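In the working numbering, the protein residues as written are 7 to 177. For glycine and all other residues, C-beta sits at the position ideal for the given N, C-alpha and C. Note that the coordinates shown come from a computational prediction; the quantities given were computed from them, not determined experimentally.
What follows is the structure in structure tokens.
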């Protein structure tokens, strides 16, 4: 049986949700990450930035766009000591401007993924996985990057069955 890690970045607070802005007490990606953990087990690790993004959704999206255009690597609050011992790593994030938030790049570039299975999942409001799977293949050299699962953010809370069925294919 494989040792599983679920690493994710998720935005709480104001989010674009089903066509309007809604304040979320728990981010959509976190909800899906917890569903995966409940379904297949594993350790959860939340990626978080030292400098928080704006609480205002529209300002946050502009901050994220500037980071992407600058190829920025925002500083993170913490890292894992090691990924040794994990062979299946679920990687979750919202789709920001067609890929992962730059904080995920910061996190992922720190580790060696040789021989590991990377299983991406993302939340979005219609943009699917974007080019995030391509980006993951570039960052996680030596890993087997599986086809990801895109979940519409406003449907995250009701996606438990779909998420569980999908996650079980990789363990």
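Own chain residues within Cβ distance below 7 Å of residue i, not counting five before or after
i	result
residue 91	9
residue 37	162 and 163
residue 177	8, 10, 46 and 94
Where residue i sits in the DSSP three-state scheme
i	result
residue 63	helix
residue 142	helix
residue 130	strand
residue 114	helix
residue 19	strand
residue 101	coil
residue 120	coil
residue 109	helix
residue 150	strand
residue 89	coil
residue 162	helix
Cβ-based neighbour list, residue i, same chain, cut-off 6 Å, excluding 5 preceding and 5 following
i	result
residue 102	70
residue 173	42, 45 and 46
heavy atom of the ligand MG below 7 Å from residue i C-beta
i	result
residue 139	Although the ligand MG was asked about, the structure shown includes no ligands whatsoever.
Residue span of the beta strand (DSSP E) that contains residue i, given as start and end
i	result
residue 52	49-52
residue 26	26-30
residue 11	10-14
Contacting residues, own chain, Cβ-Cβ under 8 Å from residue i (five flanking each side not counted)
i	result
residue 167	none
residue 40	50
residue 115	79 and 145
residue 54	15, 82, 83, 84 and 109
Alpha helix (DSSP H) segment containing residue i, residue limits
i	result
residue 43	34-46
residue 168	166-173
Counted within 10 angstroms of its Cβ, other Cβ atoms place residue i as buried (16 or more) or exposed
i	result
residue 73	buried
>> Does the region 64-78 come into contact with the region 44-54, if we say contact requires no fewer than three beta-carbon pairs (one atom in each stretch) closer than 8 Å?
In response: no
>> Pairs of beta-carbons, one from the region 154-172 and one from the region 104-123, closer than 8 Å: are there three or more?
In response: no
> Does the region 144-151 come close enough to the region 115-125 that 3 or more CB-CB pairs lie under 8 Å?
Replying inline: yes
> Using 8 Å as the Cβ pair cut-off and three pairs as the minimum, do the region 13-26 and the region 134-144 touch?
Replying inline: no
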